[in-house]
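To start, the structure under review is shown below, and the notes come after it.
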Amino acid sequence: MSVRATTDASLGTRDRTMTAAATDEAIITDLGIWLSGLESFLATGHQSFAAEARVMPDASREFRLVHAAIQRCSMLTARLMSAQGGMASAQTAVAWDIKFGEIANFSAALRDANLLGDGLIRSNSLGTGEWRAWRNMLAHRLAGQRAFAKLIRRAELEGDKFLPAQLRDLSVVDGFLSPEHAELALVLPRFGRVLLWLSVIGKMLESDEPLKPALLVFARVNEQIFELTNYINNRLERFPDEEAEMFASLDAASYTASIELKKVYSQELSGLADMRQAPSVYARIETAHSLLNEGFQQILAGFARLIDPNTDVFKLFPNFAVKLEHSIALRKDLWAVTQLVQKAEAKPEKAEIEAMQTALRDLMKGSVSYLFYKDTETVERFVEEILVTKENKDLVPILHRFGAFLETLFGQVNLRAVLEKSPLDPNGDM
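Right, dumping it as structure tokens:
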């Protein structure tokens, strides 16, 4: 009988192996997400986020977006190969059914595309014809690599599980699922995919990365939501009981998803590829991400409450608790500042103006960061103008405009979904 000794060293080796495996899986998921975005962007062409359907004489922006995505995919592929020591048997499994040889061949294809793309973006003339030829050739080359479809599929399978435990486990619970819960179990993985893809954009926002390449991920999310709503609608057509609560919930989810899709892609992301100013790009991407991410989380929270009315949505999505805390503080501060601005406008005397200025400075140091970036910019401009204006005849019109803006902004904050059960109390702590 052989006895294997377990030493600290062997435990360390095993831990490192497990960590490396987890890292490989995370890299593969990120790589699959970016490849899917690249696939969708290449398929839809340069009209993906155009403000209007038109033939553009200059397609250089599309070339640069694709080139940035190829560079990112090349980097992720290199990290994946490096984790294997850079050399391994072609049949060695990197993760799941993805072999080292397939990754190596795919890496070579990406390297060629990167070199060619680097030359193309230096060209002075990149029109619609060049763009069409480039995207068709690139799509064909990528699809011909065995690793391409496998990587995307692995990311999708990870997305299927990117749900709160209560919802993720619905399809694997012991015992018989009711017909209504069975319908929900079929739909939920598609929501998970959307949230996983959006999480990549969320990380880009948090780490202050260049954001225009996120349009490729949004291109895939667009397809996912469109397919999701079609899938739900097809299931509803065969739903046995249209009076059931689950039918109403699924119908509402489909409607909400389609509304958010239209709002984001026809407003926030429209024409974004043509924008040059980084703050404007950030503001649009941040708003688009928040609308979709929080909107889909709210839909899932509704499903969870349908399964268990006692569900604590703040445990389901911990970011809701942070959002609630921030929203309450922001609403309180906006209310107080609005009152002081209106008082200073009506009575522009030293005491009122100084009290308002102090409140504005406190706002800028604190809860203003809980606004969307685009609203933060507007508040900053107003505050800066107010603080440098000395003459009352010039100050009062500014205060009037700012007061009107604050009232609108306060109303928008008060409509946040997380504040649904925290009604406004002007005489309390808001």
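Numbering-wise, the sequence shown is residues 4 to 433 according to the working numbering. Just so it is clear, CB atoms sit at the ideal spot from N, CA and C, and this is done for glycine as well.
Asked	Found
With 16 other CB atoms within 10 Å as the buried threshold, where does Lys396 fall?	exposed
Beta-carbon within less than 8 Å of Tyr373's beta-carbon, same chain only, minus the 5 sequence neighbours each way: which residues are those?	His329, Ser330, Ala332 and Leu333
DSSP puts Ile101 in a beta bridge; with which residues?	Ala98
Please work out which residues of its chain come closer than 8 Å, Cβ to Cβ, to Asp61, disregarding the five sequence neighbours upstream and downstream, and give them in chain order.	Leu129 and Gly130
Asp177 by DSSP, collapsed to three states: which one?	Unreliable placement is indicated for Asp177, whose pLDDT of 47 sits below 50; no coordinate value is reported for it.
Would you call His292 buried or exposed, if buried means 16 or more other Cβ atoms sit within 10 Å of its Cβ?	buried
Verify whether the separation of the beta carbon atoms of Ile235 and Ser257 is less than 8 Å.	yes
Under a three-way DSSP split, which group does Gln360 fall into?	helix
Are Thr32 and Glu161 touching if we call contact CB-CB under 8 Å?	yes
Between Asn173 and Leu187, how many whole angstroms is the CB-CB distance? I'm expecting something under 8 Å.	Checking the displayed sequence, the identity of residue 173 turns out to be Leu instead of Asn. Contact holds; Cβ gap of about 7 Å.
Using the beta-carbon count (16 or more within 10 Å), is Ile101 buried or exposed?	buried
First and last residue of the alpha helix (DSSP H) that includes Leu189?	Pro182 to Glu209
Between Ala23 and Val197, what straight-line distance do the alpha-carbon atoms span, to the nearest angstrom?	Unreliable positioning characterises Ala23 in this predicted model, as indicated by a pLDDT of 47, which lies under 50. The coordinate reading is nonetheless provided below. Those two C-alpha atoms are separated by around 26 Å.
Using three-state DSSP, classify Leu166 as helix, strand or coil.	coil
Measuring straight from C-alpha to C-alpha, what distance separates Ser252 and Phe306?	7 Å
Quick check on DSSP: helix, strand or coil for Asp115?	helix
So the candidates are Ser370, Phe221, Phe44 and His143; which of them puts its Cα closest to the Cα of Lys265?	Phe221
Does DSSP classify Thr392 as helix, strand or coil?	coil
What does a CB cutoff of less than 8 Å around Leu294 pick up in its chain, not counting 5 residues either side in sequence?	Glu263, Lys266, Val267 and Glu271
Along the alpha helix (DSSP H) that carries Phe299, what are the first and last residues, could you check?	Ala281 to Ile310
Near Leu327, what residues of its chain come up, given a Cβ to Cβ distance below 8 Å and the 5 sequence neighbours on each side ignored?	Phe317, Val421, Leu422 and Ser425
Along the chain, where does the alpha helix (DSSP H) that runs through Ile30 open and close?	Asp11 to Thr47
Check whether the Cβ atoms of Ile228 and Ala255 lie closer than 8 Å to each other.	no
Count the other C-beta atoms from every protein chain shown that fall within 10 angstroms of the C-beta of Glu65, then say buried if there are 16 or more, exposed otherwise.	buried
Which of the three DSSP states, helix, strand or coil, is assigned to Gly414?	helix
Which same chain residues end up closer than 7 Å to Thr39 when comparing Cβ atoms and leaving out the 5 residues on each side of it in sequence?	Checking the sequence shown, residue 39 turns out to be Ser, not Thr. Hits under 7 Å: Ile155, Ala158 and Arg223.
Given this structure, state the Cα-to-Cα distance separating Gly205 from Leu199, to the nearest angstrom.	10 Å
If you reduce the DSSP assignment to three classes, tell me which class Met278 lands in.	coil
Taking the C-alpha atoms as reference points, what is the distance between Leu208 and Gln342?	33 Å
Below 8 Å between beta carbons: does that hold for Ala281 and Glu183?	no
Buried or exposed: Glu42, going by 16 or more other Cβ atoms within 10 Å of its Cβ?	buried
Would you please state the rounded distance, in angstroms, between the beta carbons of Thr314 and Gln169? I believe it to be under 8 Å.	7 Å
So, at 7 Å on beta carbons, what are the nonlocal neighbours of Gly406 in its own chain, with the 5 sequence-adjacent residues on each side left out?	Thr341, Val344, Gln345 and Glu348
Within 10 angstroms of the Cβ of Thr80, are there 16 or more other Cβ atoms? Answer buried if so, exposed if not.	buried
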